[in-house]
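Top to bottom, those sequences are chains H and R.
Per this note's numbering: the first sequence = residues 7 to 70.
Per this note's numbering: the second sequence = residues 54 to 736.
Heads up, the thing below is written out as structure tokens.
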Amino acid sequence: MKSSGLTRALALAWRWLRSATGDDAYDRYVEHHGACHAGDRLLTRAEYYDESQRRKWSGVSRCC
Amino acid sequence: MLKSFWGIVLALVGATALAAIALHREEPVNALWILTAAVSVYLLGYRFYSAWIAARVLSVDPTRATPAERHDNGRDFVPTHRWIVFGHHFAAIAGPGPLVGPTLAAQFGYLPGTLWIIVGAVLGGCVQDMTILMLSTRRDGRSLGQMARDELGPLGGFAAIIGTLLIMIILIAVLGLVVVNAMKHSPWATSTVFATIPIAILVGFHLRRWRPGRVLEGSLLGVSLVLLAVVGGGWVDHHEGLRALFDFQPVPLAGFVIVYGWLAAILPVWLLLAPRDYLSTFLKLGTVALLAVALVLMHPQIRMPAVTQFIDGSGPLFGGKLFPFVFITIACGAISGFHALVSSGTTPKLIGNEGDVRLVGYGSMALESLVAIMAIIAATLLDPGVYFAINSGAGIVGASADAAVQTISGWGFPVTAEQMHRLASVMGESTLFARTGGAPSLAVGMASIFGSIFGRGLLSLWYHFAIMFEAVFILTTLDAGTRVGRFMLQDMLGHIWQPLGRTSWYPSVLLSSALVVAGWGYFLYIGVIDPNGGVNILWPLFGIANQMLAAIALCVATGILIKSGKVRYAFVTGAPLAWLALVTTTAAWQKLTSPDVRIGFFAAANDLAAKLAAGALPPEKAAVAPQLIFNQRLDAWLTLFFMAVVWFVILDMARVSIRSLRGQLVSRSSEAPYQVSRLAGRA
Numbered sequence: 007m008k009s010s011g012l013t014r015a016l017a018l019a020w021r022w023l024r025s026a027t028g029d030d031a032y033d034r035y036v037e038h039h040g041a042c043h044a045g046d047r048l049l050t051r052a053e054y055y056d057e058s059q060r061r062k063w064s065g066v067s068r069c070c
Numbered sequence: 054m055l056k057s058f059w060g061i062v063l064a065l066v067g068a069t070a071l072a073a074i075a076l077h078r079e080e081p082v083n084a085l086w087i088l089t090a091a092v093s094v095y096l097l098g099y100r101f102y103s104a105w106i107a108a109r110v111l112s113v114d115p116t117r118a119t120p121a122e123r124h125d126n127g128r129d130f131v132p133t134h135r136w137i138v139f140g141h142h143f144a145a146i147a148g149p150g151p152l153v154g155p156t157l158a159a160q161f162g163y164l165p166g167t168l169w170i171i172v173g174a175v176l177g178g179c180v181q182d183m184t185i186l187m188l189s190t191r192r193d194g195r196s197l198g199q200m201a202r203d204e205l206g207p208l209g210g211f212a213a214i215i216g217t218l219l220i221m222i223i224l225i226a227v228l229g230l231v232v233v234n235a236m237k238h239s240p241w242a243t244s245t246v247f248a249t250i251p252i253a254i255l256v257g258f259h260l261r262r263w264r265p266g267r268v269l270e271g272s273l274l275g276v277s278l279v280l281l282a283v284v285g286g287g288w289v290d291h292h293e294g295l296r297a298l299f300d301f302q303p304v305p306l307a308g309f310v311i312v313y314g315w316l317a318a319i320l321p322v323w324l325l326l327a328p329r330d331y332l333s334t335f336l337k338l339g340t341v342a343l344l345a346v347a348l349v350l351m352h353p354q355i356r357m358p359a360v361t362q363f364i365d366g367s368g369p370l371f372g373g374k375l376f377p378f379v380f381i382t383i384a385c386g387a388i389s390g391f392h393a394l395v396s397s398g399t400t401p402k403l404i405g406n407e408g409d410v411r412l413v414g415y416g417s418m419a420l421e422s423l424v425a426i427m428a429i430i431a432a433t434l435l436d437p438g439v440y441f442a443i444n445s446g447a448g449i450v451g452a453s454a455d456a457a458v459q460t461i462s463g464w465g466f467p468v469t470a471e472q473m474h475r476l477a478s479v480m481g482e483s484t485l486f487a488r489t490g491g492a493p494s495l496a497v498g499m500a501s502i503f504g505s506i507f508g509r510g511l512l513s514l515w516y517h518f519a520i521m522f523e524a525v526f527i528l529t530t531l532d533a534g535t536r537v538g539r540f541m542l543q544d545m546l547g548h549i550w551q552p553l554g555r556t557s558w559y560p561s562v563l564l565s566s567a568l569v570v571a572g573w574g575y576f577l578y579i580g581v582i583d584p585n586g587g588v589n590i591l592w593p594l595f596g597i598a599n600q601m602l603a604a605i606a607l608c609v610a611t612g613i614l615i616k617s618g619k620v621r622y623a624f625v626t627g628a629p630l631a632w633l634a635l636v637t638t639t640a641a642w643q644k645l646t647s648p649d650v651r652i653g654f655f656a657a658a659n660d661l662a663a664k665l666a667a668g669a670l671p672p673e674k675a676a677v678a679p680q681l682i683f684n685q686r687l688d689a690w691l692t693l694f695f696m697a698v699v700w701f702v703i704l705d706m707a708r709v710s711i712r713s714l715r716g717q718l719v720s721r722s723s724e725a726p727y728q729v730s731r732l733a734g735r736a
């Protein structure tokens with residue numbers, strides 16, 4: 007019983023960490039794509055990473 | 054009921070802590086009191102003031118769909134959990150600024166800086182960040198420049214863009230100078246910082262080619278390698294041949310930084326910028342958390358007096374009286390205009406519910422302010438004599454160790470050459486005299502905190518870890534800033550000749566990047582050859598510029614509040630605006646007209662010109678004097694230009710507000726129409 011609580015907490019922390027760092031960004035994109043744009047072409051993992059970095063760094067995303 | 058109980062408890066804790074700081078004037082105060090006071094005030098501000106602003110001033114409506122929901126495309130518009138947006142936003146706003154500014158402002162004593170950081174954040178910085186975030190969220194995530202154009206007029210928008218570009222150039226120059234000063238004649242620091250470049254490239258390949266998008270893996274690999282590089286730097290430092298290879302004068306180091314900045318701006322982002330940013334974000338968050346834990350465990354005594362004699366304007370780090378210069382020196386950490394750009398950029402496109410702007414906007418800034426508090430603690434727990442010996446330029450205290458310790462001890466802050474030599478040797482440096490810029494003294498402070506908790510024998514390792522940590526995210530800001538500057542410049546050049554505006558046309562990329570790098574490279578070079586350290590000129594200029602950008606952001610916010618019929622709440626942004634207008638205008642005025650050569654740009658230029666003409670300068674100073682004279686005059690004109698821009702925007706805002714109050718025609722609000730949220734209620 008105790009260990010399942012701990013496992014759940016660890017799983018939650020892991021999910022949060024992946025989400026906060028963008029580690030799961032592609033998985034979320036695939037999920038969103040399946041739900042909303044099923045007809046369009048799905049970007050590959052590398053294409054998606056490329057595009058997201060280009061977008062991120064074309065505006066002010068870091069400060070002093 | 055329970056909530057108001059905790060509110061009262063918090064208020065009592067905060068009041069006790071503030072009283073402890075105020076009443077301990079004659080004896081050393083413990084850093085824990087400062088931390089407690091700061092955290093209590095932030096929590097009170099968050100709990101009450103931000104809630105009131107959200108409800109009354111901004112009319113936050115949790116049932117209203119945000120742009121992230123309306124335009125959800127799984128890419129840039131993504132409704133995201135509020136704690137994750139908080140993390141992203143905090144990582145974006147927290148740079149080296151809140152570490153450097155408070156370190157420099159510690160010359161006035163620990164009290165003025167601490168009070169300004171706390172009060173400025175709760176009533177100014179947090180309010181600005183939250184308000185701009187909310188206004189941009191209501192406007193499909195539009196940028197500050199676009200909002201200024203839509204709500205005030207085309208000239209207001211143009212002023213915001215020009216102001217931003219110039220601030221970026223000054224900011225990058227001063228940060229470059231901080232890194233150069235930390236690396237000069239330090240083979241350990243130089244080799245470690247250099248090693249971060251191939252490490253970033255390796256991580257870049259990992260994230261793009263080998264294991265695309267596996268951010269955690271790549272970052273973990275990079276962070277481990279960077280930590281190894283800190284240890285490796287120590288090995289280089291002990292190796293006779295390698296040591297000489299990494300021992301540089303400041304001018305070649307500035308050359309490296311300039312070439313590096315240009316390369317980083319023209320290379321694809323995945324190769325250098327993106328992986329470096331992942332490394333710096335992990336290091337930054339990890340180190341800040343570690344510092345907080347260590348400070349609580351160590352709870353050191355503050356050794357700097359509450360207020361020093363330098364409030365009269367004669368300070369060795371930079372000239373100028375307490376008012377207005379403490380408010381200029383500490384921008385980031387109290388209120389920083391730059392944040393308005395991030396709050397009106399990526400973040401509003403992630404906000405899943407309007408209710409989240411409180412946590413993300415107000416909360417992130419409160420946390421950044423706490424980082425600034427930790428920086429001022431790290432600076433003021435040092436022996437004041439040591440602090441001044443590290444941070445005073447040779448031009449102020451004298452070039453030799455004996456002259457420096459004599460001058461500084463004469464101020465009433467006893468320090469000996471032997472003590473400085475011992476300190477340098479335990480930190481693994483050849484000297485710590487005149488290491489201006491704030492990074493070395495912060496690193497000494499951090500090393501003593503970490504060392505006392507996690508092993509005293511490792512002081513030199515902690516020192517270089519701290520230097521590496523600062524350098525890594527200063528270089529990230531430098532890369533990212535140069536790139537953004539390039540985009541802005543291309544946007545402007547595109548109006549002159551259309552092909553120059555194409556961000557993918559390589560000749561234009563090369564040219565515009567070179568122009569931006571030349572801009573900050575010039576100020577960096579002048580800062581490096583300046584015998585007074587350069588930071589004393591550049592940092593106040595940056596502070597004035599950054600506070601003026603904040604004034605522009607607060608103008609946009611105040612104008613929008615008045616236009617939307619909330620004139621009775623306009624003081625929420627109007628009062629910090631009035632304060633910043635007063636502070637920046639006074640500072641700019643003094644920088645222009647003061648007859649004191651350490652404050653007035655024209656006075657310094659004329660004084661140097663007269664000495665040069667009279668042949669009163671030693672040959673090495675005479676050689677650089679014409680450049681320094683030109684630079685002081687240029688800085689003066691730049692200050693005047695900043696002041697003109699900011700007053701122009703203030704008057705434009707006043708014009709629009711008066712028209713609106715009289716019921717005359719003004720541009721329509723650019724707010725997106727109400728649409729009910731389908732996500733509301735779902736956590």
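In this text, a Cβ means the ideal position worked out from N, Cα and C, and glycines have one as well.
Nothing here was measured: the structure is a model prediction, and the numbers come from that model.
- In the structure shown, R/V729 adopts extended strand secondary structure according to DSSP, grouped into three states.
- R/W241 is the residue among R/G271, R/L269, R/W550, R/W241 whose C-alpha sits nearest the C-alpha of R/W288.
- Inclusion of R/C179 and R/A419 in the CB contact set at 8 Å is warranted, their separation being smaller than that value.
- Counting every other CB atom within 10 Å of its CB across the protein chains shown gives R/G618 a total below 16, marking it as exposed.
- R/N599 has a beta carbon lying within less than 8 Å of a beta carbon in chain H.
- Under the DSSP assignment, R/T243 falls in the alpha helix (DSSP H) whose first and last residues are 240-258.
- For R/G294, the enclosing alpha helix (DSSP H) stretches over residues 293-298.
- The shortest C-alpha to C-alpha distance from R/G491 to any of R/P377, R/R509, R/F371, R/D583 is the one to R/F371.
- In the three-state reduction of the DSSP assignment, R/T190 falls in the helix class.
- Contact check for R/T460 and R/G451: beta-carbon distance about 6 Å, within the 8 Å limit, so the pair qualifies.
- Comparing alpha-carbon positions, the option among R/D455, R/L512, R/I506, R/M706 lying closest to R/F486 turns out to be R/D455.
- A direct Cα-Cα distance of roughly 13 Å separates R/R296 from R/Q302.
- Residue pairing by DSSP puts R/N83 in a beta bridge opposite R/Q354.
- Within chain R, no residue has its beta carbon less than 7 Å from that of H/D46; the closest one is some 11 Å off.
- For R/I388, the three-state secondary structure derived from DSSP is coil.
- R/I250 is the residue among R/F376, R/S494, R/I250 whose C-alpha sits nearest the C-alpha of R/A317.
- Assignment of beta-bridge partners to R/R117 by DSSP yields R/V729.
- Cβ-Cβ separation between R/A533 and R/I185: approximately 19 Å, too far for a contact (criterion under 8 Å).
- In this structure, R/T190 sits near R/E407, with a CB-CB distance shorter than 8 Å.
- For R/C385, the C-beta contacts it makes with chain H under 7 Å involve C70, in order along the chain.
- Contact check for R/E523 against R/P149 passes: the beta carbons are separated by less than 8 Å.
- At a cut-off of 8 Å, the C-beta of H/A31 has a neighbouring C-beta in chain R.
- Put simply, of R/A678, R/D649, R/P648, R/P672 the residue whose alpha carbon is nearest the alpha carbon of R/A662 is R/A678.
- C-alpha of R/A725 to C-alpha of R/T639: approximately 39 Å in a straight line.
- Contact between the stretch 223-243 of chain R and the stretch 29-46 of chain H is not established, with fewer than three Cβ pairs separated by less than 8 Å.
- Classified as exposed, R/A697 has fewer than 16 neighbouring CB atoms from the shown chains inside 10 Å of its CB.
- Under the criterion of beta carbons closer than 8 Å, R/S396 and R/G414 qualify as touching, at roughly 6 Å.
- In the displayed model, R/I404 falls within a strand according to three-state DSSP.
- Here R/Y163 is buried, its C-beta having at least 16 other C-beta atoms within 10 Å.
- Excluding sequence positions up to five before and after R/T530, its CB lies within less than 8 Å of the CB of G148, P149, L224, I225, L228, all in the same chain and listed in chain order.
- Nearest C-alpha to R/S730 among R/Y95, R/A72, R/P132: R/P132.
- For the stretch 396-421 of chain R, the residues whose beta carbon sits under 8 Å from a beta carbon of chain H are, in order, G398, T399.
- Distance from the CA of H/H39 to the CA of R/L568, rounded to the nearest whole angstrom, comes to 41 Å.
- In the structure shown, R/T133 falls within a strand segment according to DSSP collapsed to helix, strand and coil.
- Only residues of its own chain outside the window of five on either side were considered, and among them F371 have a CB closer than 6 Å to the CB of R/N589, listed in chain order.
- Classified as buried, R/P401 has 16 or more neighbouring CB atoms from the shown chains inside 10 Å of its CB.
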